[in-house]
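Heads up: the structure comes next, in structure tokens.
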Amino acid sequence: MCGIFGYIGDKNCVPILIGGLKKLEYRGYDSAGICVADGCRLTVVKKRGKIADLEGSLRLKKIIGTIGIAHTRWATHGEPNEVNAHPHTDCCGKIAIVHNGIIENYAPLKKLLEQEGHKIVSQTDSEVLAHLIEKFYAGDLEKAVIQALKIVDGAFGLAALHENEDRIVVARRGSPLIVGIGKNEMLISSDAAALLNHTKKAVYMADNEVASVTKNGYIIKHLNGGRLAAKKVDKIKWAAAQVEKGDFAHFMLKEIYEQPETIENALRGRIKHGRIKLSIELNVSTVRRIIITACGTSWHSALLGKYIIESLASIPVEVDYASEFRYRSPLIKRDDLVVAISQSGETADTLGAIREAKEKFAKTLGIINTVGSSIARDVDSGIYLHAGPEIGVASTKAFTSQVAVLILFALYLRQARGGALDKNIIGELCGVPQKIRHILENTSGIKSIAQRFKNSPNFLYLGRGVNFPVALEGALKLKEVSYIHAEGYPAAEMKHGPIALIDKKMPVVFLATEDRFLNKILSNIHEVKARGGIIIAVANGNGSKKVRRLAEHIITVPSTLKSELSPIINVIPLQLIAYYIANAKGINMDKPRNLAKSVTVE
Ligand code: F6R
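Going by the numbering used here, 428 is the number at position 412 of the sequence shown; the sequence numbering is gapless.
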């Protein structure tokens, strides 16, 4: 969602704040702003639109200062405009705040503040924070922040400045905040990736902590009791180049092309002498049932997890949207294992689902990309993806790494319960990156399909078995980045409704790779053809000959002997179709409208 960045040191903070915001822009891009303290007063500049627009308007003003906070917004309350953009100030412009999250009781707080004479100018929930801090301010910003937050319900990552104080006060509950430690300078950020140009030393704040950050240090306390919080300094393992586009036109394309390497990273060191090595600190041998919970693309991985774990480890698996799971009083038992899958590790609903599971004494495990993230720290144990930062708003490389890790996890479960491992599947898994490279080196057919169908208003994606979640993922990618309406279905379900949509203009993407369902898929293709639909098929091996006879367009992909592995390969052309259609339509698919990476509000 929104991104927060801050700097305190000896340098002019303006270019540093803008650089930080550019790295965070994928978190929200409807408006942005900065507040700079020059030792005498605070100057706030805000702009609707992208960071580049803010940068343009800053060029016209001569603002210099060594302390500053900045924000890039994804609107929750109030339309994207300059007034609603952050930073927000108190009535006198002496206090400024940037906020990530939602203040749930902002309406009564606003009423109370207005009765006391405060002038609230925006439609946001966040502005009340500036006025509450003003209300409690008596010469100590940290104390005022603590008092203000005591009467606030909801989630916040907050950074505050006062014109008379040489420090930034930050606080967190539910929204990530990291303090970056530099030399004679400190930074704050909602995202580790944005710190990389300055430092790799980071302190991850936990919920209900407040920090007072000066250029030479920081003191972190518990919001509730004022006790000092013991914190360890972590090293961010990502390289600065990983958050740059390099030679690629877009992050989405870069991340699609990174997949052979990111899958290798997910497997590295985890397969030794035909055995699976995962440092899971949980006894999985007694687990009776697994519940996987996630959102969006990660939920598609979770669905695949059901197929993969049930097939390879013979443990029953249920899959739930995190937002539904957490609020429907799920029946969880102590011998259940609840698995959260999340790229960011910050998705509010997934975090809420894990907390619900913990309250019911289930064991919890995270399959997470972002080291040190909230979910990673909340679960009993975890498996990191090691996919590197995913900046493109549409998830690509995280998805394939999640599936690779789920395969490892399924094999690990089997092994832990005394089952023999099939050497072929391990060998095949290690060969997947090379197969993806092959697809990525042969994209001309995919590009021409994208060109041909870029103006289609609708798409259907159909698959069976493990290819059903792939169909869902293909449809989601297309919707997100090209704004074309797309639906994914199990191919057999088509007859129960969606078939009514098929006419001569409807492109239908079939996942028609060789597995035990191929003949059934061929029948489904016939059914679509009989109604004039246009067939685009992903096929492989000998099966592609049969598919070719029916399909107008065919994308051939390398085969795998084990159907559990085919989703990682089959999804690649679907990611590329979505990318190239968006590109052909002139859409910036790294910042699709209305979307933001990392959904930290419910
Ligand atoms: C889709 C996409 C989203 C995320 C979802 C969960 O391309 O990126 O659907 O998958 O918001 O995010 P994480 O995995 O960070 O929990």
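We put the CB at the ideal spot given by N, CA and C, even for glycine.
Where residue i falls, given that 16 or more other Cβ within 10 Å makes a residue buried
i    : result
Y23  : buried
E201 : buried
A450 : Sequence check: residue 450 is Gln here, not Ala. Q450 comes out exposed.
E106 : Position check: residue 106 holds Asp in this sequence, whereas Glu was assumed. Per the 10 Å Cβ criterion, buried.
C51  : buried
Q139 : exposed
R350 : exposed
H512 : exposed
F377 : exposed
H542 : exposed
V544 : buried
G155 : exposed
N471 : exposed
D606 : buried
I80  : exposed
Y220 : buried
E150 : buried
K63  : buried
C108 : exposed
V137 : exposed
R243 : exposed
Nearest-angstrom Cβ-Cβ length linking residue i and residue j, presumed shorter than 8 Å
i    : j    : result
N540 : A487 : Going by Cβ atoms, the distance from N540 to A487 rounds to 11 Å, so no, they are not a contact pair.
H316 : F415 : 7 Å
P192 : S389 : 7 Å
V524 : I500 : 13 Å between Cβ atoms; not a contact.
L37  : G19  : 7 Å
A282 : C311 : Actually they do not touch by this definition, with Cβ atoms about 20 Å apart.
F172 : N116 : 7 Å
I391 : S345 : About 21 Å; that fails the 8 Å criterion.
V303 : G321 : About 14 Å separates the two Cβ atoms, so there is no contact after all.
For residue i, the three-state DSSP class (helix, strand or coil)
i    : result
T16  : Residue 16 lies beyond the range of the chain shown here (17 to 618); nothing can be said about it.
N116 : strand
F152 : helix
E225 : strand
G25  : coil
V60  : strand
G44  : coil
E334 : strand
L239 : coil
K217 : strand
K561 : helix
I593 : helix
G81  : coil
G312 : helix
I571 : strand
S582 : helix
D519 : coil
D54  : coil
V30  : helix
E457 : coil
N599 : helix
K613 : coil
DSSP beta-bridge partners of residue i
i    : result
N474 : H501
G233 : T230
G49  : K62 and H87
F526 : L478 and A553
K251 : K217
T690 : The first residue shown for the chain is 17 and the last is 618, placing residue 690 beyond what the model contains.
L244 : K237
G19  : T88
P506 : G479
Interface flag, residue i vs chain D, CB-CB below 8 Å
i   : result
I67 : The displayed structure is made up of one protein chain only, and chain D is not part of it.
Ranges of the beta strand (DSSP E) found wholly within the region 258-310, counting only runs of at least 3 = 305-310, all fully within the region 258-310.
Can you check the region 385-430 for any alpha helix (DSSP H) of at least 4 residues that lies completely inside it and give the ranges in chain order?
-> Taken in chain order, the complete alpha helix (DSSP H) segments of 4 or more residues contained in the region 385-430 are 390-394.
Alpha helix (DSSP H) runs contained entirely in the region 478-504, provided each spans 4 or more residues | Look at the region 478-504 and you find these whole runs of alpha helix (DSSP H), each 4 residues long or longer: 483-498.
At which residue ranges does the region 155-206 contain complete beta strand (DSSP E) runs of 3 or more residues, listed in the order of the chain?
-> For the region 155-206, the full-length beta strand (DSSP E) segments reaching 3 residues or more read 172-178, 184-189, 194-197 and 202-205 along the chain.
Could you tell me which uninterrupted beta strand (DSSP E) segments, each at least 3 residues in length, are contained entirely in the region 327-378, listed from first to last along the chain?
-> Complete beta strand (DSSP E) runs here, min 3: 333-337 and 352-358.
In chain order, which beta strand (DSSP E) runs of at least 3 residues are fully inside the region 90-139?
-> Contiguous beta strand (DSSP E) elements confined to the region 90-139 occur at 111-116, taking only those with 3 or more residues.
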